[in-house]
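Peer 1: Below: one structure in structure tokens.
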Amino acid sequence: RSFTPPEIYLELFTPSYLPMQLLADLNERAVVATHDLAWSDSPMAGVERRMIERDGAEVARATSIVRYAPDSHFSAHTHGGGEEFFVLDGTFSDEHGDYPAGTYVRNPVGSTHTPFSQDGCTILVKLWQMHPDDQQRVVVDTRTAAWFPGLVDGLEVMPLHNFGSENVALVRWAPGTQFQPHQHWGGEEIFVLDGVFEDEFGAYPQGTWLRNPTGSRHTPFSQAGTLIYVKTGHLPATLSPTSTPAALSR
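Listed below in structure tokens is the structure:
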């Protein structure tokens, strides 16, 4: 018999106006195979989502995969806690421009837009996870942005954004690349965009989302090669540039 985790029942049967807690403890490690999650309707027709983590009702701290059908749109709205997204396929659009697959965007706290997709798209979205002082709007076309050598042979890094304790990047691993053991002060979040990412705890194919809480340790590697989105220093919350580094270890 197949088994449906309790979190999936919570996602399917909790009305959007009720608070939801889905992997909401930021001090716990979490691994989600997003391809296995059910699609659920959003408040707008033609827009569906796979909820990865969520803490709140319809307005919530959330990480999701969102799918726009062709010619679908979302109503105009303001991001009270900021919005960060990466276009996985198709083209996402709003009144500010068009964002094809591979585009990374940050809309800061207080920003407003009216999103839509003419041809359809899928995006990885993070809401209510920005420091209020981080007011830089960011648009990076990762298809053309520069790569830089990483800390070990076989590793390349494309910086996407940094503010205070938070850093966001794409990291490309050549087959057979091994990184040194390290500890995450301020946590680490990964979404596997291509290939298979690995560490001593398991193997994570394309579409896997991982959260390693502050203080966690691992030794990552990739036998087959991989491309990952990585965010560090933001758990349980991003510290401002004026905060002391010691605060990350609390």
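For what it's worth, this note's numbering labels the leading residue of the sequence shown as 16, then goes sequentially. Even for Gly, the Cβ is constructed at its ideal location relative to N, Cα and C.
(1) Three-state secondary structure (DSSP) at T266?
(2) Since I believe P164 is in contact with M145 (beta carbons under 8 Å), could you give me their beta-carbon distance rounded to a whole number of angstroms?
(3) Rounded to whole angstroms, what's the CA-CA distance from E43 to E203? Just pull it up for me.
(4) Which of the three DSSP states, helix, strand or coil, is assigned to H233?
(5) Output the boundary residues of the beta strand (DSSP E) element that contains A77.
(6) Going by DSSP in three states, H197 sits in which element: helix, strand or coil?
(7) Are W188 and L208 touching if we call contact CB-CB under 9 Å?
(8) Quick check on DSSP: helix, strand or coil for D86?
(9) Alpha carbon to alpha carbon, how far is T159 from H233? Give it in angstroms, no decimals.
(10) T247 lies in the beta strand (DSSP E); which residues open and close that run?
(11) What's the call for H152, buried or exposed, on a 16-neighbour Cβ count within 10 Å?
(12) Per DSSP, what are the beta-bridge partners of N227 in this structure?
Peer 2: Inspection of the coordinates gives the following:
(1) Here the chain comprises residues numbered 16 to 265, so residue 266 is not present and cannot be evaluated.
(2) Not confirmed; about 29 Å, so no contact.
(3) 12 Å
(4) strand
(5) 75–83
(6) strand
(7) no
(8) coil
(9) 31 Å
(10) 241–247
(11) Correcting the residue identity first, residue 152 is Arg in this sequence and not His. Label assigned to R152: exposed.
(12) E203
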